[in-house]
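Reviewing the structure listed below.
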Amino acid sequence: MMRKSAKLWKISKMNRKLYELIHFFKFSIVGLLGMVISTAIFFSITSRLPENVSIFEYLPPYLISVEASIIVTFFPNDRWVFKKEKKKLSTFHRFLGYHGTLFGGFVVQTFLFLFLLLVHINYYIAYVEGLGAAALWNYIISRKAIFA
2 MMRKSAKLWK ISKMNRKLYE LIHFFKFSIV GLLGMVISTA IFFSITSRLP
52 ENVSIFEYLP PYLISVEASI IVTFFPNDRW VFKKEKKKLS TFHRFLGYHG
102 TLFGGFVVQT FLFLFLLLVH INYYIAYVEG LGAAALWNYI ISRKAIFA
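The sequence shown maps to residues 2 to 149 in my numbering.
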């Protein structure tokens, strides 16, 4: 027979995993909102570019779309996803930290995006692959440092 403390520890461990999954799911929903906004901006601008442009012609619309996504996703993450967290930082400092965290994600995303373009991967695919890598980075750092 399992001791009561061991049983409670197992339940507590399951609750922590469930809690983490719920946070990640909510973070992903907010991330999808950011991705839709970012992608709409990126593709609406790049669709006006000529066919054979330099890969660097994609950078201005890319930068604009990433910045818009960062601004749009902060408040849902702060007020909904991580609502119950005891926040050590003021809203302003969380926003700055979130911006810095997502800048790190942006760096990851950008290097992967440019690398994939350099090896002649379609820019739509390169864009989405970069988003996926950045999403993982953003969740881990946001969860552990910004909204903790």
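Note that CB positions come from ideal geometry on N, CA and C, so glycine has one too.
- DSSP places Arg49 in the coil class of the three-state scheme, outside both helix and strand.
- In the assembly as shown, Gly106 is a buried residue. Its beta-carbon has 16 or more other beta-carbons within 10 Å.
- Taking all protein chains shown into account, Asn16 has fewer than 16 neighbouring C-beta atoms within 10 Å of its C-beta and is therefore exposed.
- Arg144 sits close to Phe83, with the two beta carbons spaced by under 9 Å.
- Ranked by Cα distance from Pro61, the options Glu130, Lys18, His24, Thr47 are led by Thr47.
- Residue range 92-119 is occupied by the alpha helix (DSSP H) that includes Phe104.
- Between the alpha carbons of Lys88 and Tyr20 lies a distance of about 17 Å.
- The three-state reading of DSSP puts Ser55 in coil, since its state is none of H, G, I, E or B.
- Straight through space, the alpha carbons of Val37 and Leu103 are spaced by roughly 16 Å.
- Per the Cβ contact rule, the segment 29-36 is in contact with the segment 67-76 (3 or more Cβ pairs under 8 Å).
- In this structure Gly131 is buried. Its beta-carbon is surrounded by 16 or more other beta-carbon atoms within 10 angstroms.
- Within the same chain, Cβ atoms closer than 6 Å to the Cβ of Ser66 are found at Ser39, Ile42, Phe43, the five residues on either side in sequence being excluded.
- In the three-state reduction of the DSSP assignment, Phe83 falls in the coil class.
- Considering only Ala135, Phe76, Glu86, Glu52, the residue with the shortest C-alpha distance to Phe93 is Phe76.
- If you draw a 10 Å sphere on the C-beta of Asn53, you find fewer than 16 other C-beta atoms in it, and that means exposed.
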